[in-house]
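Numbering-wise, UniProt numbering puts 22 at position 22 of the sequence shown, and it's gapless, one number per residue. Heads up, the beta-carbon is just placed ideally off N, CA and C, and yes, glycines get one too. One structure is given here, and the rest of the page talks about it.
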Amino acid sequence: MALDGYCLCGACRYEIDDDAVDWQALCVCESCRRASGAPVVGWMGVARDGFRWTGDEPGRFASSPGVMRSFCPTCGTPLTFSTDKREHQIDVLAATLSDPAVFRPERVDFADEALDWHGLHISLPPSS
């Protein structure tokens, strides 16, 4: 089953081929917190050739050297993350999926950067 998703206003839309998801994780790093305004962010690593924009083209922002984040230029919803370190992959914010309930995180990234006040009791192992 292919996945799809969209931003808050519905202008920026995407599709993911059913076999393109490589991994699913939660991230608690400072960079993701600042970019999303949330203490925890869900990501899906997707093979770039299995991902396509189907709506309006998103805006893009170089958040650090070699890193590009996309967002809807109309409503501001953050949508994707890509890095030169993984050129074959694009990371998609799981909460932007049409059905975010299909998201099943396998790990927590940057667990040492988690905020002590967020109150989540994440039972997933930290990534190595």
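- Only residues of its own chain outside the window of five on either side were considered, and among them Cys27, Cys32 have a CB closer than 6 Å to the CB of Val41, listed in chain order.
- Relative to Pro58, the option among Trp43, Cys72, Met68, Ser64 whose CA is nearest is Cys72.
- Ala95 carries a helical assignment under DSSP once its states are collapsed to helix, strand and coil.
- Between the beta-carbon of Cys29 and that of Phe110 there is about 4 Å, and that keeps the pair under the 8 Å contact cut.
- Annotation: Ala101 is outside any alpha helix (DSSP H) and is labelled neither H nor E by DSSP.
- Taking all protein chains shown into account, Asp112 has fewer than 16 neighbouring C-beta atoms within 10 Å of its C-beta and is therefore exposed.
- Between the alpha carbons of Ala62 and Ile90 lies a gap of roughly 14 Å.
- In the DSSP annotation of this structure, the continuous segment of the alpha helix (DSSP H) that includes Ser36 starts and ends at 30 to 36.
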